[in-house]
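Residue 10 in the UniProt record's numbering is what sits at position 10 of the sequence shown, and the numbering runs on without skipping anything.
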Amino acid sequence: MTLGVFVTGTDTGVGKSLASAALLHALVRHHPRVVGMKPVAAGAEWHGGQLANEDAVALRAASTVAVPPELDNPVLLPDPLSPHIAAARAGVRIHIPAIVQSYRQLTERADAVVVESAGGFHVPLSDTETGADLAQALGLPVVLVVGLRLGCLNHAALTAEAIRARGLTLAGWVANRVDPQMRAPEDNIAWLRQHLGVPLLATLPHQPRPDARALAALYQLPPDWT
Numbered sequence: 001m002t003l004g005v006f007v008t009g010t011d012t013g014v015g016k017s018l019a020s021a022a023l024l025h026a027l028v029r030h031h032p033r034v035v036g037m038k039p040v041a042a043g044a045e046w047h048g049g050q051l052a053n054e055d056a057v058a059l060r061a062a063s064t065v066a067v068p069p070e071l072d073n074p075v076l077l078p079d080p081l082s083p084h085i086a087a088a089r090a091g092v093r094i095h096i097p098a099i100v101q102s103y104r105q106l107t108e109r110a111d112a113v114v115v116e117s118a119g120g121f122h123v124p125l126s127d128t129e130t131g132a133d134l135a136q137a138l139g140l141p142v143v144l145v146v147g148l149r150l151g152c153l154n155h156a157a158l159t160a161e162a163i164r165a166r167g168l169t170l171a172g173w174v175a176n177r178v179d180p181q182m183r184a185p186e187d188n189i190a191w192l193r194q195h196l197g198v199p200l201l202a203t204l205p206h207q208p209r210p211d212a213r214a215l216a217a218l219y220q221l222p223p224d225w226t
C-alpha cells in the first residue's frame, strides 16, 4: 500500500518545498519508489526548455520516480500570485477531483507520495474552495511546516486547529529556522512541542544554500511510515 503525506505550512515562504524534498530523501531509505507532487503551482519559469514551477522542479529532483508533469504538477499557473487570482488570470479552473485522480495515478507508480500544498492551509483555490478542501479530498495525514519567526506560535496553533476541524490527522510537524535572527527559538519549539501534541519530525537549520538531501538525516519518521 502506498504511503501518502500532505505537507502544508503556517504561511507561504516557510520552506514547505525544502521540507518536502528532504522528507522524500528520508522516505527513500524505506520506500525505493518515492515521488513528490505539487498539485497547484503559481509561478512558472523556463527549466530545461519547458515552463515549470521551481517547487515542482525541487520535488522532482528529490524523487526516484519520473512521471509526466500532468501527474506531479497538474495545475501550473504562470503568475506568482494566490492560486485563485493566478487561475482567473490564466482562464483556468482548479478542479479538485481531477487533482485527486492525478494523485491516485501516482500511487500506482510509487511506494510513497509527498504532496506539497500551495501557500498555507486555507489558501484560496477559487471563490469557493481552498487548499483545505483539497487536503480533505485527498484525506492524507498532514505534516505542518512551521517557519520559526515572530508570530509562528499563533499561526501554527490556528493551522493545527483548522487541520483537525477538517477531520484530518496531524501526523507531525517540522520546525524550519527561516529567520536566523529569531530570538528564543528553542523556547518557541518547546511551546509548539507541548501545544501541537504531535511528534516533531525534524528541526531544519537555516542554510544559505539549502541542501535537501543532507537535511533528510534530521528526520525522525513515524514508525508506520517505515
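Yeah, the Cβ is synthetic: ideal placement off N, Cα and C, and Gly gets one too.
In the DSSP annotation of this structure, E45 is not part of any alpha helix (DSSP H); the continuous beta strand (DSSP E) holding it starts and ends at 45-47. Taking V146 as the centre and dropping the five residues before and after it, the same chain places the C-beta of G9, T10, V14, C152, H155, A156, W173, V174, A175, N176, L192 closer than 8 Å to its C-beta, in chain order.
No residue range can be given for G139, since it is assigned to no alpha helix (DSSP H) and is classified by DSSP as neither H nor E. N73 sits in coil when the DSSP states are folded into three classes, being neither helix nor strand. Here the alpha carbons of V100 and L138 stand approximately 6 Å from one another. Secondary structure of V40 (DSSP, three-state): strand. The C-beta distance from I163 to V178 rounds to 20 Å, too long to meet the 8 Å contact threshold. By the neighbour-count definition (other C-beta atoms within 10 Å, threshold 16), I94 is a buried residue.
In its chain, beyond the 5 residues on either side, V40, A42, L77, I94, A118, V123, P124, L125 have a beta carbon closer than 7 Å to the beta carbon of P83.
Counted as a single uninterrupted DSSP element, the stretch harbouring A216 is not any beta strand (DSSP E), since DSSP gives it neither H nor E.
By the Cβ neighbour-count rule, D72 is buried, with 16 or more other Cβ atoms within 10 Å of its own. Within the same chain, L170, A171, G172, W173 come within 7 Å of V198 by CB-CB distance, once the 5 residues on both sides are set aside.
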